[in-house]
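Notes to accompany the following structure.
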Amino acid sequence: MIRHPANPILTRKDIVSPHPALQDVSSVFNPGGTLFDGRILLLLRVQNRARETFLLKALSQDGIHFIVDAKPLPFIGLERCPHRLYHIYDPRITLLDGTYHVLCALDTDQGCFLGWFTTPDFSALEFQGIVSGPDVRNGVLFPKKFDGYYLRFERPNLVALNGGVKSGCTIVCGRSSDLRNWETVAEVFSGRPHYWDELIGSGPPPIKTRQGWLHLYHGVATHFAGVNIYQMGVSLQDPMRPWLTLARGKYNILEPRELYELTGQVPNVVFPTAAIPLHTDPDGFALPETPILVYYGAADTCVCLATTSPRELLEHCNAQ
Ligand code: BMA
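Under the working numbering, the residue at position 92 of the sequence shown is numbered 92, and the numbers go up by one with no gaps.
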């Protein structure tokens, strides 16, 4: 992965808004991303000094310089949510059947759920419902159907960390015929205790290549007591049955090294949430040498960009 020299490409200073809750915000990180109308669109997670969370849309021609909306993206239909909502965050965007689908984590008193939102044009996000049981995060939807089913990867939070926060060490694959009711098909893979990816969760929605689905994920090394290290890794998933793992890199492909990754609101974090291949063939497969723009949250404080290509990611999957 090559870090962009302009990193961090978005910081709290880029949030300029007349909105009273968006004055002098604390952080902007973990953005969802997609191509939209010939441009790169990011949905930024913005946290203010009351520790409230907002999603702001940002658009760019070159993927580096962004124009950020002055107002938070409105939500439609949140009154249908049966639980009190504290935070809607870490959006993952998938274009499917002509609609943009956004899966977010929802913090409630009953736990963290996956929330499903849709939009045709990013003027607002329409809440479609809670689409998981409690204690699930990192939901990523595949951009096509498989044998009549929609598929997603998700990460149940079954591990209690210090301080009671729940995390997880196994990514599972769910399927659904209506995007609303989901059942687990299979485990995808688990964390590797004692190594870089002890706890894991999917990053951006997987990228379609001729070899299979390139799947970026985050791994957490917890064995340094208080200091969790969030890194990025890659696996290759079967083209037709993506819960099958064809290859998984032994090494992380990005780890906190730069100051903006090492220090901040949560130190030692690189957390990928968007990966955009710039060129695909007519069947939607990413071209082997096309740049992939990977957007990640650094130290839960700012947004960074690293680039790679399908060929390089495939090499990393097979590195032993
Ligand atoms: C994870 C999520 C992310 C966050 C990361 C590092 O569990 O909460 O939103 O970026 O921890 O703090």
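Glycine included, every Cβ here is placed at the ideal spot set by N, Cα and C.
(request) Can you give me the start and stop residues for the beta strand (DSSP E) that C317 sits inside? (result) From DSSP, C317 is part of no beta strand (DSSP E) but of the alpha helix (DSSP H) over 310 to 318.
(message) Between the segment 245 to 259 and the segment 150 to 163, can you find at least three pairs of beta-carbon atoms closer than 8 Å?
(response) no
(message) Classify Q321: buried if its beta carbon has 16 or more other beta carbons within 10 angstroms, exposed otherwise.
(response) No statement about residue 321 is possible, as the shown extent of the chain runs from 1 to 320 and does not include it.
(message) With three or more C-beta pairs closer than 8 Å as the rule, is the segment 285 to 303 touching the segment 257 to 272?
(response) yes
(request) Give the DSSP-derived three-state secondary structure of L22 in the structure shown. (result) helix
(message) Nearest by alpha-carbon distance to S202: which of M240, P193, V270 is it?
(response) It is V270.
(request) On a CA-only basis, which of E198, G115, R39 is nearest I229? Give me that one, please. (result) E198
(message) Bridge partners for T108 per DSSP, in chain order?
(response) T108 pairs with L85, G111.
(request) Within its chain, find whatever has a CB closer than 8 Å to the CB of L125; leave out the 5 residues flanking it on each side and keep chain order. (result) L55, L73, P74, F75, I76, V102, F117, T118, T119
(request) Output the boundary residues of the beta strand (DSSP E) element that contains E289. (result) Element bounds for E289: n/a, residue is neither H nor E.
(message) Is N252 a contact residue of the ligand BMA, with contact defined as CB to any heavy atom under 7 Å?
(response) no
(request) Quick one: residues in its chain with C-beta nearer than 8 Å to the C-beta of V68, no 5 flanking neighbours on either side, listed in chain order? (result) L10, D14, I15, V16, L44, L56, K57, A58
(request) Kindly indicate the opening and closing residues of the alpha helix (DSSP H) around Y260. (result) From DSSP, the alpha helix (DSSP H) with Y260 extends over 259 to 262.
(request) For I76, write down the residues that DSSP places opposite it in a beta bridge. (result) E126
(request) Tell me whether V269 counts as near the ligand BMA, meaning its Cβ is closer than 7 Å to at least one heavy atom of that ligand. (result) yes
(request) Output yes or no for whether 8 Å exceeds the beta carbon distance between H218 and P277. (result) Their beta carbons are not under 8 Å apart, which means H218 does not touch P277 by this criterion.
(message) Does G321 come out as helix, strand or coil in the three-state DSSP assignment?
(response) Residue coverage of the chain in this structure runs from 1 to 320, which leaves residue 321 outside it and unanswerable.
(request) Using only alpha-carbon positions, find the residue among I171, F36, R137 that is nearest to D107. (result) R137
(message) As a quick exercise: from S176, F113, K166, D97, pick the residue whose alpha carbon is nearest that of P143.
(response) D97
(message) So, at 8 Å on beta carbons, what are the nonlocal neighbours of V227 in its own chain, with the 5 sequence-adjacent residues on each side left out?
(response) P267, N268
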